[in-house]
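So the sequence shown is numbered by full-length UniProt numbering: it starts at 1 and just counts up by one. Using N, Cα and C, we set each Cβ at its ideal position, and we do this for glycine too. Please read these numbers as outputs of a predicted model, since none were measured by experiment.
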Amino acid sequence: MCHLARALARNVPMPFSRSVVGTTMANACLLGVLLFTQSTSNADWPVFRGDANASGAVTVKLPAELEELWTYSAKDGDSEGGFEGTAAIANGIVYVGDFDGTFHAVDLKTGEKKWTKRFEDTGFLAATTIAGKHLYLGDYNGIVRCLSTEDGSEVWQYDTKSEVNAAVNVHGEAVLVTTEGGSLLSLDKATGDNRWEYTIDSPLRCWPTVVKNRVLLAGCDGVLHAVDVEKGKQLDTVSIEGPTGCTPAVMKGRAYFGTEDGNFFAVQLDPLEIAWKYRDTKRSSGVRTAAALTKDIVVFGSQGKKVYAINPEKGEPLWEFPTRSRVESSPLIVGKFAFFGTVRGRLYLVDLKSSEEVWQLNTGGSFIASPAVSDERIVIGNTDGTLYCFGRAETGIEIN
């Protein structure tokens, strides 16, 4: 989701009247510019939307009927918390924090606990980021931590002094963090030292997408900001007419995201200017999900109980799918299907061309977290503290 609803649930003051609310890639790529695009089911999921461009899309083929391979309960890790943050996956291990302050490492094949790490008086609402042998994540007290993937031991921590609701991004030697206080921080990956800080007058709740040495920030101030990733200086801005916490997804020199005012934008990046704007004229509702994006289609959910598919080049609607519930979990494009969850605990698999429902499951709870994919499996957690793994019983997801 865009992390805006999370703030509302805890009565965090909002800067506007309407309700608003971020993962294989070889380790060498993570240490570099993160230009990887996931293309096989054997790839890991190290960042919030799977790759550096936040595409939320993988080129694998699902079976006609998804099967539940396993479930893991936060209670197995001695926690009463639920899952709102999206899992990260690497080397066959699922890493995810819950909102009761426990961090979990779970075996992707079996669903068995590898280890847990308890942090007192806090909770995790944001997705986890993996870079090499370390995990990076922020909590709702504003503490950013670097943990070991081996056992969860803490390498360093940094206090931002403001709630962190979005996943951090690791770019080269920098850890990029957005905060409720309106800051974009660049921390040293090895030490946690503050390298620079860029601030706006409203909350920042999006994952900081990096493209060509520029950090893209869709802000609650109704502006898309482009910031120099090395120096923290503003390079460009463009009005997006309303607040948002949605993560910009990038493809072919454009960023795609929605706003709380019900608009969905494609923004040309060089220079920043609006390429097109889509709005449902019949029932416009706020957008709190990141978009899933390929060269042929962009898919996003809304507060109006619909999932939309748009032509990314022209902004023309392709279809809309009624969900009977709000969608705050960001959709995933998997081969020829879209996979997504709703706040009423339903999971859907929808054909991208026909918009027909091919599978659904009512799990209970609520899906705020977004799905992650690795090793031919889809993993998603819900607010009742259950982590689900789906695929084909014998072999997981079938490769194209």
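- The residue from Val298, Ala88 and Arg377 with its alpha-carbon nearest to that of Leu62 is Arg377.
- With fewer than 16 other beta carbons inside 10 angstroms of its own, Pro322 counts as exposed.
- Annotated three-state conformation of Gly172 is coil, per DSSP.
- Considering only Arg254, Leu147, Thr102 and Lys113, the residue with the shortest C-alpha distance to Asn53 is Arg254.
- The beta-carbon separation of Gly132 and Leu108, rounded to 18 Å, does not stay under the 8 Å limit for a contact.
- Tyr278 sits close to Ile310, with the two beta carbons spaced by under 7 Å.
- Put simply, of Val170, Ser325 and Pro248 the residue whose alpha carbon is nearest the alpha carbon of Cys206 is Pro248.
- Here DSSP, grouped into helix, strand and coil, assigns Lys336 to coil.
- For Glu68, same chain residues with a beta-carbon under 8 Å away, outside a window of 5 residues either side, are Leu361, Tyr388, Cys389 and Phe390 in chain order.
- If the five residues before and after Val175 are omitted, its C-beta is found closer than 6 Å to the C-beta atoms of Tyr136, Val168, Leu187 and Lys189, all from its own chain and listed in chain order.
- Each of Asn213, Lys212 and Ala226 was checked against the Cα of Thr199, and the nearest Cα belongs to Ala226.
- The three-state secondary structure of Asp261, taken from DSSP, is coil.
- Your pair Leu272 and Val238 checks out as a contact, with CB atoms roughly 4 Å apart and the cut at 8 Å.
- Contact between the region 106–121 and the region 73–82 is present: three or more C-beta pairs spanning the two stretches fall below 8 Å.
- For Cys389, the enclosing beta strand (DSSP E) starts and ends at Thr386 to Gly391.
- Our two residues, Thr259 and Val210, have alpha carbons roughly 20 Å apart in a direct line.
- Straight-line spacing of the CA atoms in Gln234 and Arg214 works out to 9 Å.
- Closest by C-alpha distance to Leu66, out of Phe339, Gln157 and Ser370, is Phe339.
- The beta carbon of Thr122 sits closer than 6 Å to the beta carbons of Gly101, Asp139 and Asn141 from its chain, once the five residues preceding and following it are set aside; these are given in chain order.
- Under the three-state reduction of DSSP, Ala74 is assigned to helix.
- Collapsing the DSSP output to three states places Cys146 in a strand.
- In this structure, Ala127 sits away from Phe257, with a CB-CB distance that is not shorter than 7 Å.
- Per the coordinates, the alpha-carbon of Gly341 lies some 30 Å from the alpha-carbon of Leu269.
- Our two residues, Gly301 and Pro243, have alpha carbons roughly 17 Å apart in a direct line.
- The closest CA to that of Gly219, considering only Glu154, Lys295, Thr178 and Gly364, is found on Thr178.
- Shown here, Glu67 sits in a strand according to DSSP, grouped into three states.
- For Asn194, the number of other beta carbons within 10 angstroms of its own is below 16, and it is reported as exposed.
- By alpha-carbon distance to Val223, the top candidate from Glu230, Val229 and Pro203 is Pro203.
- Counting along the chain, no beta strand (DSSP E) covers Phe48, and no H or E run does either.
- Inclusion of Gly385 and Ala74 in the CB contact set at 7 Å is warranted, their separation being smaller than that value.
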